[in-house]
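So the sequence lines, in the order shown, correspond to chains A and B.
So the mapping is simple: my numbering equals the position in the first sequence, first residue as 1, plus 1036.
So the mapping is simple: my numbering equals the position in the second sequence, first residue as 1, plus 1036.
All C-beta atoms, glycine included, are put in the ideal place defined by N, C-alpha and C.
Number of protein chains: 2
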Amino acid sequence: MVPFKLIYFKEYTINMEHKLKQLKNILAEVADIQGAANLLEWDQQTNMPPKGAEARGHQLGALSRLAHIKFVAPEVGKLIEDLLPYAEGLDPDSDDARLLEVTNRKYKKSVKVPSDFVAEFARVTTMAHGAWEEAREENDFSKFQPHLEKIVDLDRQYAEFFAPYDHVYDPLLDTFEPGMSTTAVKKIFEELRPQQVKLIQAIGEQEQVADDFLYQEFEHQAQLDFGNEVITKYGFEWDRGRQDEAAHPFTTSFGIDDVRLTTRVQLNHLNSAIFGTFHEGGHAIYEQGIAHSLARTPLADGASLAVHESQSRMYENLVGRSYDFWVYFYPRLQEFFPNQFAKVNLETFYKGINKVEPSLIRVEADEATYNLHIMLRLELEIELMEGKLEVSDLPFAWNARMEEYLGITPTTDTEGVLQDVHWSSGLLGYFSTYALGNLISAQLWEKINEDIPDLSGQIQSGEFAGLLGWLRKNIHCHGAKFKPQELVKRATGSEIDSAPYMRYLTKKYGEIYTL
Amino acid sequence: MVPFKLIYFKEYTINMEHKLKQLKNILAEVADIQGAANLLEWDQQTNMPPKGAEARGHQLGALSRLAHIKFVAPEVGKLIEDLLPYAEGLDPDSDDARLLEVTNRKYKKSVKVPSDFVAEFARVTTMAHGAWEEAREENDFSKFQPHLEKIVDLDRQYAEFFAPYDHVYDPLLDTFEPGMSTTAVKKIFEELRPQQVKLIQAIGEQEQVADDFLYQEFEHQAQLDFGNEVITKYGFEWDRGRQDEAAHPFTTSFGIDDVRLTTRVQLNHLNSAIFGTFHEGGHAIYEQGIAHSLARTPLADGASLAVHESQSRMYENLVGRSYDFWVYFYPRLQEFFPNQFAKVNLETFYKGINKVEPSLIRVEADEATYNLHIMLRLELEIELMEGKLEVSDLPFAWNARMEEYLGITPTTDTEGVLQDVHWSSGLLGYFSTYALGNLISAQLWEKINEDIPDLSGQIQSGEFAGLLGWLRKNIHCHGAKFKPQELVKRATGSEIDSAPYMRYLTKKYGEIYTL
């Protein structure tokens, strides 16, 4: 005789498995629509003829609406609600348990924000983007100011949808770094900032290294070919992706097996194409490494923007700007550009690509100064959200902090507070992910070097399989199963920490600038 | 005082205008989803990495389903039903009246076919396609035969959804040529066939022209550049479209202002890239010429496949293979390929590109023999649908007719009945559009020459604006407002007629082969 309870349990399980399948079917359809929308955006930036923009706007609008409507349907809420108790009986690290957790979190976020607000936010940021372009063009902050005031106001309203919160900035951060708190980020950066400022001052007192050889004429196709040779060695799989050119490089995917990076080539400066390709290659390799079992679910994504950035920064900087790397690849680069590098030796080249120089523009900053650009933005954003800083005082606050951290002051707002697109798009909370990505990259790097003692030798021989294997196993395959702090802790034993990055900078630049 | 009746009428009109707007909104969303799906298909054939196919299948499936569900919704049926009486009060040639007529026709077709049938048709043709590939590879018709039997059976079932009909083949034709009847097509072709067979026999008795100079090595990029220079002159607008390479050339659009053609380059044969580009350019120029007022409606399309083909064939053949054209462009081609054409004069080149030679493969056929390949297929399809021919007898019937029309017999089924992909995809009713396109192109050509007496001189001077203006006004701008017969009658004064095409062939080849 089968006891009654077991039958009941079996039926319950079958019923729940059926509901889970229903939910997965809906999520798969949402993922399919989003994958299609990603292709439309990719095409817009790589191929679309200028006048195709209007129809493309309609098409992207239709797909976004459809994906949103499908995801926030009450049916989805009901399925999640029914399945959460069932999830408690599952292995908490299993795909299904994590899928339910992540889907529940996303669903709750989506339904908390009224669609009227979403529409208003879209309207305001569309206007703001145009105003920002004009303001930057004409070096006139006053043209952007009223728009930014509205955006800050809307972002404060947004935060209120998630009240109670510990800090008004938390809901913004959470959009890009699930589970990350303002307190945690501030603590990390406050430890880091004085050390980084000190390092840059010390470097400033040393003799500068040469990098003029990077500013010569480099043949277009050869720049692309060299970059692609490198990312092929890194492990990018060309039957599961491709590379194209775009004015503003990015990486996107339409599924785990169709991942596309883009590169911008500058004929008179080598850095853009090659380090840009290494960087986007890092993003792309991450996307290609997500477990196929997560395909067409909300877990088929990076863990967060910072974790994504840790992969791109690792392949760009910790690998791609390392001495070991160029021991192997510099002779190859010299074959690609024999005239340009005939008289430049490896040491000179290595120092040149690692030149440190405080500069006004974030996207052109070197490894040592980059994070300071981010910290400045983060602090200003937090003060704006807290109401401690008025938008009208922003240019002054920006310039004062530039002087304090980097020792230079913008002479125009175009080169200062107006330089980034993010705020005009309403993206407060985004910038810190760039710096967190740097920190995570160094933290992972220390652990990888522990686990693979011969890593340096492998890279000197152009062997990247060991590195890729480690990243695949500890980071990539998990997709968005774990929040960034949890993922980093699982991989390294501790939460996000600035010390490894500071150790990395100190050692590297100590050698280059003989500090 | 406003009389009661006027108020009533006003309210009725306002109400109807509101309903029309509702309908247009739904149709616009359907068009947006279809435009997105077209981009996914374009990318699949131009850019997609091999392993991207699985995700792409899911994405295309999702978009097709969504577009279908939105279009066949009962709400759409109700709006159409309410609006049809209102349409009767509109100018019958107005965009709105035609939109309602065409939408009503499409809606009725869509709801008449049960979704179970659509799924079964997709299943059978997916299997059939694989079987056809294998059968063609192995020259073994028996492997394809059972699949084709199922397809013919399904196509017969399909026809029954539209009973009563005049002829069982009519519903298939109507899919590609709205309003075209089997009787009309048969009559057109029966007049044409004996004349065309006779012409080819007469040519066969003359001395053959040389075309060996077309089979040399031609640099890849130069082939593309020359083709693009020509279609630019034709009137293709590059800010509203682009050109890429694809294994099987095609043209598609994602809106009137984003029209994309594709080209295949063969290094050792000039024809594929240049005449292919002229051909696809013709399709693309048609799509770019549709009136913007029709955007995002079912009218933003060609009038039919045959009318579309008339535009591609006109720019490929009536223009692109004419003596006038090469008077202007041959010196330019010689600049692109100086070594290849140094010793070939204009007359020799012109005759070479117009060489007539009965051959087994339709897609390689010249202008004079092409239609016979089509007629053969049309007759076999009609007999299959009528039940007068068994699928098992098809190879024999094919070969007998090849001998009768073209004087040659395939030695294998691979070069005979298995050569085309269409039947494996279930596309019975499609082939005749190719031949009808040829006929329409010549019919329009006679009228254009009447309306523009200096057309020959203009083309000799590389002037194509007069031609384009005529086509824009009489064909392109109307989109799918008129059925093909009506459109041709409006443009030329008579319905589709084979006489102009026969006059065109007789004159052209009479001169080339001195008949």
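Cα-Cα separation, residue i to residue j
i, j, result
"residue 1484/A", "residue 1521/A", "18 Å"
"residue 1365/B", "residue 1265/B", "10 Å"
"residue 1054/B", "residue 1046/B", "12 Å"
"residue 1456/A", "residue 1391/A", "23 Å"
"residue 1153/B", "residue 1299/A", "47 Å"
"residue 1477/A", "residue 1537/A", "8 Å"
"residue 1052/B", "residue 1111/B", "15 Å"
"residue 1180/A", "residue 1159/A", "15 Å"
"residue 1037/A", "residue 1059/A", "Any answer about residue 1037/A is weak, because its pLDDT of 46 lies below 50 and its placement is not dependable; what the coordinates show is given next. Approximately 34 Å between the Cα atoms of the pair."
"residue 1101/B", "residue 1087/A", "28 Å"
"residue 1114/A", "residue 1143/A", "11 Å"
"residue 1388/A", "residue 1303/B", "44 Å"
"residue 1287/A", "residue 1461/A", "19 Å"
"residue 1376/A", "residue 1528/A", "41 Å"
"residue 1178/B", "residue 1212/B", "29 Å"
"residue 1359/A", "residue 1440/A", "32 Å"
"residue 1437/A", "residue 1426/A", "15 Å"
Beta-bridge pairing of residue i - partner residues as DSSP gives them
i, result
"residue 1380/A", "For residue 1380/A, which the question treats as bridged, DSSP gives no partner whatsoever."
"residue 1295/A", "1277/A, 1289/A"
"residue 1181/A", "Answer is none; residue 1181/A lacks a bridge partner."
"residue 1305/A", "1302/A"
Residue i: CB within 6 Å of a non-hydrogen atom of the ligand SAH
i, result
"residue 1455/B", "Among the ligands in the structure shown, none appear at all, so the ligand SAH cannot be discussed."
Beta carbon of residue i nearer than 7 Å to that of residue j
i, j, result
"residue 1473/A", "residue 1342/A", "yes"
"residue 1135/B", "residue 1333/B", "yes"
"residue 1449/A", "residue 1140/A", "no"
"residue 1276/A", "residue 1324/A", "yes"
"residue 1371/B", "residue 1315/B", "no"
"residue 1312/B", "residue 1267/B", "no"
"residue 1492/B", "residue 1228/B", "no"
"residue 1423/A", "residue 1071/A", "no"
"residue 1394/B", "residue 1454/B", "no"
Test: residue i CB closer than 7 Å to a CB of chain A
i, result
"residue 1397/B", "no"
"residue 1290/B", "yes"
"residue 1069/B", "yes"
"residue 1319/B", "no"
"residue 1256/B", "no"
"residue 1098/B", "yes"
"residue 1123/B", "no"
Any C-beta of chain B under 7 Å from that of residue i
i, result
"residue 1076/A", "yes"
"residue 1087/A", "yes"
"residue 1293/A", "yes"
"residue 1275/A", "yes"
"residue 1094/A", "yes"
"residue 1278/A", "yes"
"residue 1065/A", "yes"
"residue 1158/A", "no"
"residue 1199/A", "no"
"residue 1167/A", "no"
"residue 1072/A", "yes"
"residue 1527/A", "no"
"residue 1091/A", "yes"
Sequence-distant residues of the same chain with beta carbon closer than 8 Å to residue i, five excluded per side
i, result
"residue 1123/B", "1132, 1133, 1136, 1137"
"residue 1224/A", "1472, 1475, 1532, 1533, 1534"
Cβ neighbours of residue i in the same chain (closer than 6 Å, five flanking residues each side left out)
i, result
"residue 1205/B", "1218, 1418, 1421"
"residue 1195/A", "1204, 1207"
"residue 1066/B", "1103, 1106, 1107"
"residue 1094/B", "none"
Cβ-based neighbour list, residue i, same chain, cut-off 7 Å, excluding 5 preceding and 5 following
i, result
"residue 1512/A", "1322, 1325, 1326"
"residue 1525/B", "1531"
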